[in-house]
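Okay, structure first, notes after.
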Amino acid sequence: MKARVDFRQQNLMGDFSHLGVFDVIFCRDALIYFAAEQKRDVLHRAARCLAPDGYLILGAAV
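Right under this line is the structure:
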């Protein structure tokens, strides 16, 4: 199962569409450092990389 998981760092302000489509995206406690417009931009780009039945996991302090 571990072979099916790929952990890596990603610059949320950059383009990450080239990474493919994901079943789960974890973005915990990262967005608290961005302004509201930047948060919307990151979340819109993440949503485009998420599978239709995928999950976006956020922290409590969005």
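If you read the sequence shown in my numbering, its first letter stands for residue 1326, the second for the next number, and so on.
For glycine and all other residues, C-beta sits at the position ideal for the given N, C-alpha and C.
Owing to the predicted nature of the structure, the values given are computational and were not obtained by experimental measurement.
Check the C-beta distance from residue i over to residue j and give it rounded, since I have them as a contact under 8 Å.
| i | j | result |
| --- | --- | --- |
| residue 1347 | residue 1383 | That pair is no contact at about 14 Å. |
| residue 1379 | residue 1349 | 6 Å |
| residue 1367 | residue 1344 | 14 Å between Cβ atoms; not a contact. |
| residue 1352 | residue 1372 | Wrong, their Cβ atoms sit about 11 Å apart, outside the cutoff. |
| residue 1341 | residue 1334 | Their Cβ separation, rounded to whole angstroms, is 11 Å, which puts residue 1341 and residue 1334 out of contact at 8 Å. |
According to DSSP, is residue i part of a helix, a strand, or is it coil?
| i | result |
| --- | --- |
| residue 1367 | helix |
| residue 1337 | coil |
| residue 1355 | coil |
Under DSSP, the beta strand (DSSP E) around residue i begins and ends at which residues?
| i | result |
| --- | --- |
| residue 1381 | 1375-1383 |
| residue 1349 | 1347-1352 |
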